[in-house]
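Novice: Position 82 (the sequence shown) corresponds to 798 in my numbering; numbering is contiguous.
Every residue, glycine too, gets a C-beta built ideally from N, C-alpha and C.
Note that this is a predicted model, so its numbers are computed, not measured.
So that we are looking at the same thing, I have put the structure below in structure tokens.
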Amino acid sequence: METPQLRKAQLSDLDEIMEIEGQSFNEEAFSRKQMRYLLTSGNTFLVAEMQQQVVATMILLSKKKSKVLRIYGLAVSDKFRGKGLGKTMLSEALNVAKAGNYGVLSLEVKAVNATAIKLYESFGFKAVKELPHYFKGGYAAQRMQLKL
Ligand SMILES: CC(C)(COP(=O)(O)OP(=O)(O)OC[C@H]1O[C@@H](n2cnc3c(N)ncnc32)[C@H](O)[C@@H]1OP(=O)(O)O)[C@@H](O)C(=O)NCCC(=O)NCCS
717 METPQLRKAQ
727 LSDLDEIMEI
737 EGQSFNEEAF
747 SRKQMRYLLT
757 SGNTFLVAEM
767 QQQVVATMIL
777 LSKKKSKVLR
787 IYGLAVSDKF
797 RGKGLGKTML
807 SEALNVAKAG
817 NYGVLSLEVK
827 AVNATAIKLY
837 ESFGFKAVKE
847 LPHYFKGGYA
857 AQRMQLKL
């Protein structure tokens, strides 16, 4: 497989990002308006590009002075899943966290999302809290964290 190019997301990626979001999430998907805000509000928003198309997206959030870096969104285009892009994005989250001297990577994942949970566990993330009705649609979440 061609090596994916990671870069900062731009507002011009919005259509492709929304397509991946729609393939990846149900009621809990970000709206176009929310995504536009996330793209323009100074967060770390990365995309992976292959064959001149966006194939994966990742949003990293942090509060000022906090040692916690939050993975707020991670999604791979449905046609490109199972090829290691999820791992590539997560490795980059680790790089960003280490470079920024964060102590913890944290995320909330749907408790029924076995694929994603397996991916996070393979990086050493541990479930730290159950969050009932966390997501829109009433889905429970698992908070998972990786200490760095
Ligand atoms: C979860 C997701 C990001 C994984 O991306 P991906 O590029 O397909 O994952 P990779 O190819 O890098 O696989 C990494 C690991 O994930 C797990 N995995 C991937 N596909 C899987 C599947 N179909 N069944 C079970 N585990 C799977 C495995 O542990 C795999 O490691 P392995 O290949 O060494 O066994 C992708 O499936 C996706 O976008 N899903 C929809 C959105 C989502 O759930 N995002 C996470 C929200 S918190």
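For Leu862, which beta-bridge partners are listed by DSSP?
Specialist: Leu821
Novice: Compare the beta carbon distance of Leu823 and Ala813 with 7 Å and say whether it is the shorter of the two.
Specialist: no
Novice: Does the beta-carbon of Val825 have 16 or more other beta-carbons within 10 angstroms, so that it is buried, or is it exposed?
Specialist: Classification for Val825: buried.
Novice: What is the rounded straight-line gap between the Cα of Glu800 and the Cα of Asn742?
Specialist: What sits at residue 800 in the sequence shown is Gly, not Glu. C-alpha separation (whole angstroms): 23 Å.
Novice: What separation, rounded to the nearest whole angstrom, lies between the Cα atoms of Ala815 and Lys783?
Specialist: 12 Å
Novice: Roughly how many whole angstroms lie between the Cα atoms of Asp729 and Leu722?
Specialist: 13 Å
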